[in-house]
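Asker: Residue 4 is where the sequence shown starts when you use this note's numbering, and the numbers rise one by one after that.
Every residue gets a Cβ at the ideal spot worked out from N, C-alpha and C, and that includes glycine.
Keep in mind it's a predicted model, so treat the numbers as computed, not measured.
Before I ask anything, let me first share the structure, which is written out below as structure tokens.
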Amino acid sequence: MAYVFNADEILEMAIKIEENGAAFYRKASELQKDASDQDFLTRLAVMEDSHKVTFAEMKGHVTELEKSKTVFDPNGELSAYLSAMVDSHGGEGSPDAVKALTGSETMEEIISTAIGLEKDSILFYLGLRDLVPPKFGRDKIDDIIREERKHIVQLTYLLRKIKTK
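Written as structure tokens, this is what we have:
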């Protein structure tokens, strides 16, 4: 069965992904021994929190049509499917990324991993984009992708700073 999504559903996924992304940085922070590295990673978690707020604000501006159900789903299976997609997409906020942290990672490795996860998230959203008809808010998916690209720019800048330390 082919699914068609609406912007509201995709933004809900984006919010969850940002929550998971913040958990990644918080876990990485907990595992670091250096206080300045802990602080740096905590600030990245806060950055993810602000991205979550951005997506929540975007969700608050979704029209009724962009919230319209696209399939008959009396048992809420689509919601479970969306949740499973979020947890298994392999990008930013993947629970597996949090579990993979050992504490032996360098800051450069953590930020490089985060950049890779952000890129995977963009690919995830690009794949979902075609499943959201224009009338159901495809332009909102484009906005999410633009935000994720900004995250990559920010992280790349931070990675350069770390490399030149």
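(1) Hey, quick one: how far does the alpha helix (DSSP H) through L34 stretch, first residue to last?
(2) Less than 8 Å between the CB atoms is what I'm expecting for L134 and I148, so what's the real figure, rounded?
(3) Do the segment 32-42 and the segment 102-111 make contact, defined as three or more Cβ pairs closer than 8 Å?
(4) For chain C, find out if any of its Cβ atoms is closer than 8 Å to the Cβ of S107; answer yes or no.
(5) Just verifying my parser: in three-state terms, what is the DSSP assignment at H154?
(6) Taking the straight line between their C-alpha atoms, what separation do you get for S82 and P137?
(7) Can you grab the Cα-Cα spacing for the pair M88 / D142, in whole Å?
(8) Can you tell me where the alpha helix (DSSP H) with H54 in it begins and where it stops?
Answerer: Let me lay it out:
(1) Segment 10-34, the alpha helix (DSSP H) holding L34.
(2) Wrong, their Cβ atoms sit about 14 Å apart, outside the cutoff.
(3) In short, these stretches touch, since the Cβ pair count reaches three.
(4) The question asks about chain C, but that chain is absent: this structure has only one protein chain.
(5) H154 sits in a helix when the DSSP states are folded into three classes.
(6) Spanning the two alpha carbons is a distance of roughly 21 Å.
(7) As the crow flies, the alpha-carbon of M88 is around 21 Å from that of D142.
(8) Annotation for H54: the continuous alpha helix (DSSP H) segment containing it runs 38-63.
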